[in-house]
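The sequence shown runs contiguously to residue 1118 in this note's numbering.
Working notes for the structure below.
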Amino acid sequence: MNTLLRALALAAALAAAGCAELAERAPGERVEFEFTARFAARYGGEAASGQLAWRHDAARDEVLISSPFGQGLARVTRQAGHATLVMADDRRYSAADAETLTEEVLGFRLPLRGLADWVRARPSADAPARIERGPDGQLALLEQQGWRVEYQAFDGGGRPERMRLHYPGLELRLAISQWK
């Protein structure tokens, strides 16, 4: 598995491997958001694309990264002081939190907590941010923790449909196809 896919697995937020579906939700489970998206990414000289499914609530994240054809590539889970990355070949990486996990696997910390806010078109409360709004009042640009997030389209409910995230050496494009 190349460095880009490991970076995507971690940057996307947090996923466990093999099948291309998120785990079944428990009855009554409270979910803050869940979405599926297509992604394209460039990291250094590498490029990758595929599908992303992310379920998030305050206590847990689950992100599944799949190939364009739906083959599971990586799953990251985060819950109660523990983050785990499982690659399709069953290699496992674990740490106390997602930021430490990215530092151990990639060599630098990614602000994964911020991503849960950014995909909902709002700055994270963890750090100062610079924002710009478009003529329609929607968030157009967010700069926070070294990241630049460009919002290119929103659905009728004001949720992002297309966004581009930039960090030195990394560009990630998301086209969110379904919010739940």
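Yeah, the Cβ is synthetic: ideal placement off N, Cα and C, and Gly gets one too.
By the criterion of at least three beta-carbon pairs nearer than 8 Å, the segment 1100–1111 is in contact with the segment 977–989.
Secondary structure in the segment 987–1021: the beta strand (DSSP E) runs of 3 residues or longer, each lying completely within the stretch, are 998–1004, 1010–1017 in chain order.
In this model, residue 1021 and residue 1062 are separated by some 20 Å (Cα to Cα). The shortest C-alpha to C-alpha distance from residue 1097 to any of 1113, 1086, 1029 is the one to 1113. Straight across, the Cα-Cα distance linking residue 978 with residue 1051 is about 21 Å. The three-state reading of DSSP puts residue 970 in coil, since its state is none of H, G, I, E or B. The alpha-carbon of residue 1066 is positioned some 11 Å away from that of residue 1084.
DSSP places residue 1102 in the uninterrupted beta strand (DSSP E) bounded by 1098–1105. Rounded to whole angstroms, the Cβ separation of residue 1002 and residue 986 is 15 Å, and the two are not in contact under 8 Å.
If you draw a 10 Å sphere on the C-beta of residue 1010, you find 16 or more other C-beta atoms in it, and that means buried.
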